[in-house]
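Numbering (UniProt numbering), first residue to last: 1 to 301.
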């Protein structure tokens, strides 16, 4: 196995403890797993070909060893509810600071309401950031310095999404995929306007947005998100209509010139909303496809 380049052990339901001989796989390029743990006796410094580590539990030892990998491009960490050793609030940021400038993909799998606010910054070379945990404040590291970021998926909890937050996201000039799930604090609901600007979201082709509270009102101005092809929305139509008075659910979709596919999940049956949405789609000059469904209960994913 010394010539092994890919070790794919995804599909296991329980945590796999890597063998002590794992560190001898000097030609290994990628490890793909659901959940694996690196034993304290295993060193990674000789695995100079390793570029992808997916499914690693972030123990003190594992994060220390990961920081020694000079060619690492992909990291996928699986955070447990209660780490057995070390303080992840400091261990993970320290590990990321030690990672080389080659790092392109960072995926953090965590329990649904696990706070990731300890993440004060991410490598500027990132192309993909995805997480299952939550941010209880809009991340300050989301700004124009992430010039290579093409995929971003985050969850905000108890955050009132402001226009300034949308402006920060709009500055990510390479962004092609944006998934934004959020839960606003009660009493902080307001319309989200996507402004027209040639420099805002210049490359975005897919936008997924869902509010856990069910209330969401988007308004796309003429010329906003010019390259957007796929839009996914999830909301409660009755509560949204009650709060915003959006009888016709006019979100300005006609102002999206590249729109091809629309996916909408309604949290409750609402014939008026369904008819209004279908009319909006039918009136769009591109006649985009519409996937309209009603969820019997909320599920994230």
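Beta carbons: idealized from backbone N, C-alpha and C, even for Gly.
Just so it is clear, the structure is predicted and the values come from calculations on it, not from any experiment.
Assigned secondary structure, residue i (DSSP; H/G/I helix, E/B strand, else coil)
i           : result
residue 26  : coil
residue 47  : coil
residue 195 : coil
residue 136 : coil
residue 3   : coil
residue 93  : helix
residue 239 : helix
residue 130 : strand
residue 289 : strand
residue 20  : helix
residue 177 : strand
residue 79  : coil
residue 152 : strand
residue 201 : coil
residue 121 : coil
residue 249 : coil
residue 255 : helix
residue 88  : helix
Opening and closing residue of the beta strand (DSSP E) in which residue i lies
i           : result
residue 281 : Segment 271 to 283 is the alpha helix (DSSP H) holding residue 281; no beta strand (DSSP E) there.
residue 8   : 6 to 9
residue 108 : 105 to 109
residue 226 : Looking at the DSSP string, residue 226 is not in any beta strand (DSSP E), and its letter there is neither H nor E.
residue 206 : 206 to 211
residue 218 : 218 to 220
Counted within 10 angstroms of its Cβ, other Cβ atoms place residue i as buried (16 or more) or exposed
i           : result
residue 66  : buried
residue 301 : Note that residue 301 has pLDDT 43, beneath the 50 cutoff, so the model's placement of it is unreliable and the number below is only indicative. Residue 301 comes out exposed.
residue 247 : exposed
residue 245 : exposed
residue 203 : exposed
residue 126 : buried
residue 234 : buried
residue 271 : exposed
residue 100 : exposed
residue 73  : buried
residue 55  : buried
residue 295 : exposed
residue 12  : exposed
DSSP bridge partner residues for residue i (one or two, in chain order)
i           : result
residue 142 : None; residue 142 has no bridge partner.
residue 61  : Per DSSP, none; premise fails for residue 61.
residue 157 : 183
residue 52  : 30, 74
residue 264 : 233, 292
residue 37  : 17
residue 115 : 134
First and last residue of the uninterrupted alpha helix (DSSP H) at residue i
i           : result
residue 167 : 163 to 170
Straight-line gap, residue i to residue j (C-alpha atoms, nearest Å)
i           : j           : result
residue 98  : residue 230 : 37 Å
residue 266 : residue 257 : 24 Å
residue 165 : residue 137 : 11 Å
residue 132 : residue 80  : 12 Å
residue 176 : residue 143 : 15 Å
residue 182 : residue 20  : 42 Å
residue 179 : residue 207 : 6 Å
residue 93  : residue 121 : 8 Å
residue 149 : residue 2   : 35 Å
residue 53  : residue 89  : 20 Å
residue 117 : residue 199 : 29 Å
residue 217 : residue 192 : 6 Å
residue 134 : residue 8   : 28 Å
residue 50  : residue 33  : 14 Å
residue 71  : residue 103 : 8 Å
residue 42  : residue 215 : 49 Å
residue 168 : residue 239 : 28 Å
residue 87  : residue 161 : 30 Å
residue 309 : residue 105 : This structure leaves residue 309 out entirely; the chain is present only between 1 and 301.
Any non-hydrogen atom of the ligand COA closer than 6 Å to residue i Cβ
i          : result
residue 66 : No copy of the ligand COA occurs in the structure displayed, which carries no ligand at all.
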